[in-house]
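>
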Amino acid sequence: MSKQMTGAEMVIQAFADQGVEHIFGYPGGAVLPIYDALFHQNHIEHILVRHEQAAVHSAEGYARSSGKVGVVLVTSGPGATNAVTGLTDALMDSIPIVCITGQVATHLIGNDAFQECDTVGITRPCTKHNYLVRDVNDLARVLHEAFYVAQNGRPGPVVVDIPKDVQFATGTYVGRENIQHKTYRPKLDAEAPQIAAAVEMLAGAKRPIFYTGGGVINSGPEASRILRELARLTGVPVTSTLMGLGAFPAANRQWLGMLGMHGTYEANMAMHGCDVMVCIGARFDDRITGRLDAFAPGSKKIHIDIDPSSINKNVKVDLPIIGDCTRVLADMLAAWKARDLSIDKAALDAWWTQIDRWRGRNCLAYRQSDEIIKPQYAIERLYNLTKDKDVYISTEVGQHQMWAAQFFRFEEPNRWMTSGGLGTMGYGLPAAIGAQKAHPDALCIDIAGEASILMNMQEMSTAVQFDLPVKIFILNNKYMGMVRQWQELLHGARYSHSYSEALPDFVKLADAYGGVGIRCDKPSDLDAAIEEMIAIKRPVIFDCIVDQQENCFPMIPSGRAHNEMILGDMAVDLDEAITDEGKMLV
Amino acid sequence: MPNSSEPIERHTLSVLVDNEPGVLARVIGLFSGRGYNIDSLTVSEVSHEGHLSRITIVTTGTPMVIEQIKNQLDRLVPVHRVRDLTVEASALERELAMVKVRGVGEARGEALRLAEAFRARVIDATRESFVFEITGKSDKIDQFAWLMEPLGLVEVARTGVVAISRGPEAM
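Read top to bottom, the protein sequences are chains R and Y. Counting in numbering that gives the first Met the number 0, the first sequence tops out at residue 585, every number present. Counting in numbering that gives the first Met the number 0, the second sequence tops out at residue 170, every number present.
1. Using a Cβ cut-off of 7 Å, which residues of the segment 59-75 of chain Y contact any Cβ in chain R, in chain order?
2. Could you give the uninterrupted runs of the alpha helix (DSSP H) lying entirely in the segment 95-168 of chain R, keeping only those of 4 residues or more?
3. If you measure between the beta carbons of Ala364(R) and Ala570(R), is that distance less than 7 Å?
4. Drop a sphere of 10 angstroms on the beta-carbon of Asp568(R), count the other beta-carbons inside from all chains shown, and report buried for 16 or more, exposed for fewer.
5. Looking at the C-beta of Pro1(Y), does it have a partner C-beta in chain R at a distance below 7 Å?
6. If the cut is a Cβ gap below 7 Å, which residues of chain Y does His128(R) touch?
7. Here's the rule: buried if 16 or more other CB atoms are within 10 angstroms of the residue's CB, otherwise exposed. What is Pro192(R)?
8. Nearest chain R C-beta to Gly28(Y) closer than 7 Å, yes or no?
9. Assuming Leu51(Y) is part of the beta strand (DSSP E), what are its boundary residues?
10. For Glu190(R), count neighbouring C-beta atoms within 10 Å of its own C-beta (all shown protein chains included) and say buried if the count is 16 or more, exposed if not.
11. With a 10 Å radius around its C-beta and 16 neighbouring C-beta atoms as the bar for buried, classify Lys163(R) as buried or exposed.
12. Any beta carbon of chain Y sitting closer than 7 Å to that of Asn455(R)?
13. Helix, strand or coil for Val171(Y)? Go by DSSP, reduced to three states.
14. If distances are taken between C-alpha atoms only, which option among Asp524(R), Met554(R), His261(R) and Phe552(R) comes closest to Phe541(R)?
15. Going by the beta-carbon positions, is the gap between Thr169(R) and Gln405(R) smaller than 7 Å?
16. Using the C-alpha atoms, what's the distance from Val16(Y) back to Asn41(R)?
17. For Met456(R), report the span of its beta strand (DSSP E) as first-last.
18. Determine the direct distance from the alpha carbon of Lys373(R) to that of Ser495(R), and round the result to whole angstroms.
19. What did DSSP end up calling Gly516(R) once you bin it into helix, strand or coil?
20. Taking Cβ positions only, does Arg184(R) come closer than 7 Å to chain Y?
21. On the three-state DSSP scale, how would you describe Leu258(R)?
22. State yes or no: is the C-beta of Val83(R) within less than 7 Å of the C-beta of Cys125(R)?
23. Looking at chain R, is there any beta carbon in it that lies within less than 7 Å of the beta carbon of Gly108(Y)?
24. Any C-beta of chain Y sitting closer than 7 Å to the C-beta of Leu584(R)?
25. Using a cut-off of 8 Å between C-beta atoms, extract the partners of Arg123(R) located in chain Y.
26. Cβ atoms of Ile378(R) and Gln409(R): under 7 Å apart, would you say?
27. Determine whether the Cβ of His10(Y) lies closer than 7 Å to any Cβ atom of chain A.
28. On the DSSP letters alone, give me the boundaries of the beta strand (DSSP E) that Arg157(Y) sits inside.
29. Leu442(R) lies in the alpha helix (DSSP H); which residues open and close that run?
30. Determine the DSSP secondary structure at Asp83(Y), reduced to helix, strand or coil.
31. Secondary structure at Ser164(Y), three-state DSSP: helix, strand or coil?
32. Based on the DSSP secondary-structure assignment, which residues constitute the bridge partners of Met97(Y)?
33. When DSSP builds the beta bridges, which residues end up paired with Ile303(R)?
34. I'd like to know whether the C-beta atoms of Val78(Y) and Gly151(Y) end up nearer to each other than 7 Å.
35. Give the range of the beta strand (DSSP E) segment to which Val396(R) is assigned.
36. Any idea what DSSP makes of Gly24(R), helix, strand or coil?
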């Protein structure tokens with residue numbers, strides 16, 4: 000298909016050809032022609048956000064909950080710079096985003112024109128790729144390439160910067176079927192000898208572990224399905240990063256919980272003690288490995304990743320496998336079956352006995368209270384009262400995020416959206432809005448802290464305007480809790496600027512936005528209040544007043560090894576527990 | 000950085016890229032953003048019809064960092080190919096320099112004699128100065144410039160290293 004049309008019309012036509020149904024954006028001078036083209040059609044719905052950062056986070060929530068590409072449309076200058084945090088977030092968490100930015104007319108570029116900035120210069124390090132389109136006849140190709148690059152290989156954000164005169168100019172539109180990227184062809188399949196080596200290594204293990212990550216989610220639901228079958232067939236315990244929660248069901252006996260800095264004792268100890276580690280779509284991030292020279296000593300490591308640059312970046316591995324998780328796992332499963340392999344039963348039984356001993360510490364135990372709501376209890380109740388529903392959870396960043404990861408239990412992929420790599424406060428509400436747009440009838444909850452939520456609070460207006468009944472569940476401890484926790488543990492309890500003074504009345508705030516506010520401060524009222532929240536088919540801010548002093552445990556202090564965890568005081572003692580050195584830190 | 004006890008190596012990388020706006024900024028930004036070293040960098044279009052440019056980068060790092068650099072370069076969208084000439088072939092490396100020397104009398108004669116020994120050509124001459132053109136490996140140029148210092152060295156302009164593999168194969 001090739002047809003004459005304006006640049007602005009090409010943008011809309013390319014969206015339609017790419018199957019885009021929803022875009023998140025904010026208009027401005029340099030994108031007015033595109034907004035005008037939007038006005039003349041009705042198959043693409045535009046969700047008007049209240050800040051461009053939130054447009055990207057909403058698109059991320061949309062993408063992560065649906066598996067589609069998230070699409071953003073913002074103006075030049077401040078529109079683009081405001082989007083930078085969202086783009087960086089999407090790059091760090093490998094989320095497919097196409098972000099269209101308006102630019103001043105080509106003859107003004109470089110002249111410090113009104114609302115001009117060097118968008119491609121600014122976004123070069125925070126996108127997977129970006130384009131400045133100077134000729135309208137390149138525009139259709141670039142737009143289709145942008146969608147291709149965003150979702151193929153390791154996904155990521157792509158910016159297309161379009162000067163205003165290019166939007167007005169008329170040129171030739173070509174359909175997506177005519178576009179093939181010149182060079183970008185990510186490798187998806189592993190070679191047979193590597194697959195054979197991997198299954199042989201796994202079969203020879205005595206203390207194996209699967210360490211899975213966001214790559215399993217990004218690869219699509221089929222990857223999760225095959226992972227489950229491979230785990231069942233081999234009997235290997237499974238742990239996951241923050242990004243990978245839901246790929247393996249939390250209810251499964253082989254699930255060890257999340258690993259890493261605030262992961263479970265059993266997951267981290269099993270990582271430390273394993274002899275064969277299969278890392279699937281994860282990247283040995285510093286929050287996962289702790290002290291690198293003490294990371295899983297004596298283990299052989301297989302690393303499956305679609306991005307060759309993830310291999311041997313932080314941790315040297317024995318068997319790298321470059322490929323898409325779905326295909327590599329499918330090949331491994333087939334090879335395992337074809338060779339009729341199994342792991343030595345006695346060894347595996349002994350390994351599980353050891354793991355169950357670690358589990359026996361009950362590392363997530365906390366001191367319950369009748370007077371004050373414990374944040375862990377709030378998440379547990381939220382989980383128990385919503386687990387039979389079609390629920391999507393997003394979070395902000397901090398203690399509440401870690402408690403959500405520890406206490407909310409995910410059975411399916413794409414149900415959990417959190418800012419893992421960048422750790423962006425203000426992520427959760429717009430992400431919930433995006434997820435709600437993709438799943439209008441689902442229950443979309445942003446588990447928030449009272450500090451984080453204020454970073455993108457204005458998106459409450461978006462939720463109200465577009466009838467998106469998201470629920471904001473604030474664990475309100477009047478502190479930037481994770482900052483306070485680190486200050487308590489590492490800076491002599493000098494709480495420098497971490498107390499949330501002058502907080503708004505969240506119930507009144509909800510009302511002011513046209514939503515519903517609920518406050519709860521008693522454990523005995525909590526269930527009824529949560530039920531009330533669920534029943535309301537409008538945006539709700541739930542102000543859950545929790546214990547101000549509670550800390551998030553277990554915890555591997557930074558620079559420590561997996562077997563140097565600090566546990567909460569309710570965890571069961573075990574001789575081999577923390578070293579004296581570890582205790583000194585508390 | 001892990002394995003900081005590993006030896007630092009010097010590698011010459013050849014990178015074939017689409018000759019499009021911003022491609023050099025992408026490569027340089029990658030090095031500065033991730034804290035890699037650039038000892039030398041040259042870039043020029045090598046195929047006008049194919050819109051291809053060839054970038055030659057000399058970098059230093061531990062083997063793990065060098066591997067990271069290659070993988071990070073390779074995943075940039077406009078990058079076609081990355082070759083480590085230090086590993087894959089005994090590559091030919093050359094650099095061109097122009098060396099300006101000012102002097103009269105004895106020093107002037109000595110400069111000319113040394114230039115001849117180094118096979119440097121005189122490409123500009125005045126009554127009190129020469130500009131020499133010299134081609135060779137980087138250490139040869141270092142040596143020439145060092146010898147010119149007491150003879151009135153004014154300034155040096157160097158291209159940086161270009162490299163190509165031996166034998167009939169392309170990169």
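Glycine included, every Cβ here is placed at the ideal spot set by N, Cα and C. As the structure is a prediction and not an experimental result, all values here were calculated from the model.
The short version:
1. Met63, Glu66, Gln67, Asn70, Gln71, Asp73 and Arg74
2. 118-122, 135-150 and 163-167
3. Mapped onto the first sequence, residue 364(R) falls at position 365. Mapped onto the first sequence, residue 570(R) falls at position 571. With respect to the 7 Å criterion, Ala364(R) and Ala570(R) are classified as neighbours on the basis of their beta carbons.
4. The sequence position of residue 568(R) within the first sequence is 569, counting from 1. Exposed.
5. The residue given as residue 1(Y) occupies position 2 in the second sequence. Because Pro1(Y) carries a pLDDT of 48, less than 50, the predicted location of this residue cannot be relied on, and no value is offered for it.
6. Residue numbering aside, residue 128(R) sits at position 129 when the first sequence is read from its first letter. Per Cβ cutoff of 7 Å: Val76.
7. On the first sequence, residue 192(R) is found 193 positions in, with the first residue counted as 1. By the Cβ neighbour-count rule, Pro192(R) is exposed, with fewer than 16 other Cβ atoms within 10 Å of its own.
8. As a first step, residue 28(Y) must be located in the second sequence, where it is residue number 29. Gly28(Y) counts as touching chain R.
9. Here residue 51(Y) refers to the residue found at position 52 when the second sequence is read from its first residue. First-last of the beta strand (DSSP E) with Leu51(Y): Leu51 to Gly60.
10. Counted from its first residue, the first sequence places residue 190(R) at position 191. By the neighbour-count rule (16 or more Cβ atoms within 10 Å), Glu190(R) is not buried but exposed.
11. To locate residue 163(R), count along the first sequence from 1; it is residue 164. Classified as buried, Lys163(R) has 16 or more neighbouring CB atoms from the shown chains inside 10 Å of its CB.
12. Taking the first sequence and counting its residues from 1, one reaches residue 455(R) at position 456. So, not an interface residue.
13. There is no way to answer for residue 171(Y), as the model of chain Y reaches only from 0 to 170.
14. Reading the first sequence from its first residue, position 542 is the one you call residue 541(R). Phe541(R) has its Cα closest to that of Asp524(R), out of Asp524(R), Met554(R), His261(R) and Phe552(R).
15. The sequence position of residue 169(R) within the first sequence is 170, counting from 1. The sequence position of residue 405(R) within the first sequence is 406, counting from 1. For Thr169(R) and Gln405(R), no; Cβs fall outside 7 Å.
16. Along the first sequence, one-based indexing puts residue 41(R) at 42. Along the second sequence, one-based indexing puts residue 16(Y) at 17. If I take the Cα positions, the gap works out to 41 Å.
17. Start at 1 with the first residue of the first sequence, and residue 456(R) comes out as number 457. Here Met456(R) belongs to no beta strand (DSSP E), and DSSP marks it neither H nor E.
18. Your numbering for residue 495(R) matches position 496 in the first sequence. Your numbering for residue 373(R) matches position 374 in the first sequence. Each residue's Cα considered, the two are about 24 Å apart.
19. Taking the first residue of the first sequence as position 1, residue 516(R) is located at position 517. If DSSP states are grouped into helix, strand and coil, Gly516(R) belongs with the strands.
20. Here residue 184(R) corresponds to residue number 185 of the first sequence, with the count starting at 1. With a threshold of 7 Å between beta carbons, Arg184(R) makes no contact with chain Y.
21. Here residue 258(R) is taken as the residue at index 259 of the first sequence, counted from 1. Note: Leu258(R) maps to coil in three-state DSSP.
22. Against the first sequence, residue 83(R) aligns to sequence position 84. Against the first sequence, residue 125(R) aligns to sequence position 126. Taking 7 Å as the Cβ cut-off, Val83(R) and Cys125(R) qualify as a contacting pair.
23. Within the second sequence, residue 108(Y) is the residue found at index 109, counting from 1. Judged by the 7 Å Cβ criterion, Gly108(Y) is not in contact with chain R.
24. In the first sequence, counting from the first residue as 1, residue 584(R) sits at position 585. With a pLDDT of 38 at Leu584(R), under the threshold of 50, the modelled position of that residue is not reliable, and the figure given next carries that caveat. No, Leu584(R) does not count as interfacial toward chain Y.
25. Numbered from its first residue, the first sequence carries residue 123(R) at position 124. Under the 8 Å cutoff, chain Y gives Gly21, Ala24, Arg25 and Gly28.
26. Counting from 1 along the first sequence, the entry for residue 409(R) is found at position 410. Counting from 1 along the first sequence, the entry for residue 378(R) is found at position 379. In the sequence on display, residue 409(R) carries Phe and not Gln. Result no, Cβ atoms of Phe409(R) and Ile378(R) do not sit closer than 7 Å.
27. This model lacks chain A altogether, as its protein chains are R and Y.
28. Within the second sequence, numbered from 1, the residue matching residue 157(Y) stands at position 158. From DSSP, the beta strand (DSSP E) with Arg157(Y) extends over Leu152 to Arg157.
29. For the purposes of this step, residue 442(R) is identified with residue 443 of the first sequence, where counting begins at 1. Membership of Leu442(R) in any alpha helix (DSSP H) is not indicated; the residue belongs instead to the beta strand (DSSP E) covering Leu442 to Gly448.
30. Indexing the second sequence from 1 puts residue 83(Y) at position 84. Strand.
31. For the purposes of this step, residue 164(Y) is identified with residue 165 of the second sequence, where counting begins at 1. DSSP places Ser164(Y) in coil when its eight states are reduced to three.
32. The residue given as residue 97(Y) occupies position 98 in the second sequence. Per DSSP, Glu132(Y) and Ala156(Y).
33. Numbered from 1 along the first sequence, position 304 holds the residue referred to as residue 303(R). Bridge partners of Ile303(R): Ile279(R) and Ile320(R).
34. Along the second sequence, read from residue 1 onward, the residue named residue 78(Y) stands at position 79. Along the second sequence, read from residue 1 onward, the residue named residue 151(Y) stands at position 152. Cβ distance not < 7 Å, so Val78(Y) and Gly151(Y) don't count as in contact.
35. Indexing the first sequence from 1 puts residue 396(R) at position 397. Counting along the chain, Val396(R) falls outside any beta strand (DSSP E), and DSSP gives it neither H nor E.
36. Numbered from 1 along the first sequence, position 25 holds the residue referred to as residue 24(R). Strand at Gly24(R).
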